[in-house]
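Asks:
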Amino acid sequence: MRIGDAAAAAGMTPRALRYYEQQGLVTARRTPSGHRVYDEEDIRRLRAVRELRDAGLTVGDVRAFAHLLGRVPADEVPDLLSQEPRPGRCAAVEAVARRRLADLDARIARLSYLRARLAARLGEPEAGVTEPASPGGTVRAGADSGALFRLADAPAPGTPAVRA
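If you count the sequence shown from 1, position 123 lands on 499 in the numbering used here, and the numbers rise without skipping.
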């Protein structure tokens with residue numbers, strides 16, 4: 377089947393399917409005229425990728441165990457992350473998922489802290505601002521984070537300071 381049909385069958389857009397192909401999670405075969413074609417195995421693999429992404433894993437996480445996606449039984453993607461010990465459960469997948477879970481917990485703690493701090497600056501009642509544990513000791517919202525507030529008398533960035 378062609379890319380549009382394959383994407384629809386896997387529950388994604390053709391653009392997402394192309395991206396997953398670019399990331400090495402699926403490999404399309406080509407017709408003599410250059411069109412991508414996919415079979416049921418590709419659709420099953422794409423569904424597994426979609427389910428794992430929906431569970432919170434990143435493309436990089438899935439790529440770490442992409443070689444195992446061919447072994448996933450049809451309609452049993454959640455078994456990769458099952459709590460019950462089974463033959464289908466994979467330690468490598470679980471390790472990646474647990475690292476992702478820890479990362480999500482750290483991000484939630486950091487964002488909760490930043491939200492409480494901002495709410496306090498706005499005078500909203502809050503339960504208390506406590507800094508989350510951070511390996512570097514600094515809590516930042518992201519690469520573009522800078523000072524959120526400056527003193528009222530301080531000159532705006534880029535303007536010369538006026539001395540009295």
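Backbone N, C-alpha and C fix where the C-beta goes; we use that ideal spot for every residue, glycine too.
Does Val425 come out as helix, strand or coil in the three-state DSSP assignment?
Replies: Taking the first residue of the sequence shown as position 1, residue 425 is located at position 49. Helix, per DSSP.
Asks: In chain order, what residues of the same chain have a beta carbon less than 6 Å from the beta carbon of Arg391, not counting five sequence neighbours either side?
Replies: Your numbering for residue 391 matches position 15 in the sequence shown. Correct list: empty, nothing qualifies.
Asks: Under 8 Å by Cβ, that's how I've got Ala424 and Arg412 pegged, so tell me the actual separation to the nearest angstrom.
Replies: As a working mapping, residue 424 is identified with position 48 in the sequence shown. As a working mapping, residue 412 is identified with position 36 in the sequence shown. Wrong, their Cβ atoms sit about 19 Å apart, outside the cutoff.
Asks: With a floor of 4 residues, list each alpha helix (DSSP H) that falls wholly inside the stretch 377-413, ordered by position along the chain.
Replies: Taking only runs of at least 4 residues, the alpha helix (DSSP H) segments lying wholly in the stretch 377-413 are 379-386, 390-398.
Asks: DSSP three-state label for Gly446, please.
Replies: The residue labelled residue 446 in the question sits at position 70 within the sequence shown. Residue state, collapsed to three classes: helix.
Asks: Report yes if the C-beta distance between Leu490 and Val469 is below 8 Å; otherwise report no.
Replies: Counting from one through the sequence shown, the residue named residue 490 turns up at place 114. Counting from one through the sequence shown, the residue named residue 469 turns up at place 93. No.
Asks: From Arg420 to Ala383, what distance separates their C-alpha atoms?
Replies: For the purposes of this step, residue 420 is taken as the residue at position 44 of the sequence shown. For the purposes of this step, residue 383 is taken as the residue at position 7 of the sequence shown. Going by the C-alpha atoms only, they are around 11 Å apart.
Asks: Since I believe Ile379 is in contact with Leu401 (beta carbons under 8 Å), could you give me their beta-carbon distance rounded to a whole number of angstroms?
Replies: Position 25 of the sequence shown, counting from 1, holds the residue named residue 401. Position 3 of the sequence shown, counting from 1, holds the residue named residue 379. That belief does not hold up - the Cβ atoms of Leu401 and Ile379 are roughly 15 Å apart, past 8 Å.
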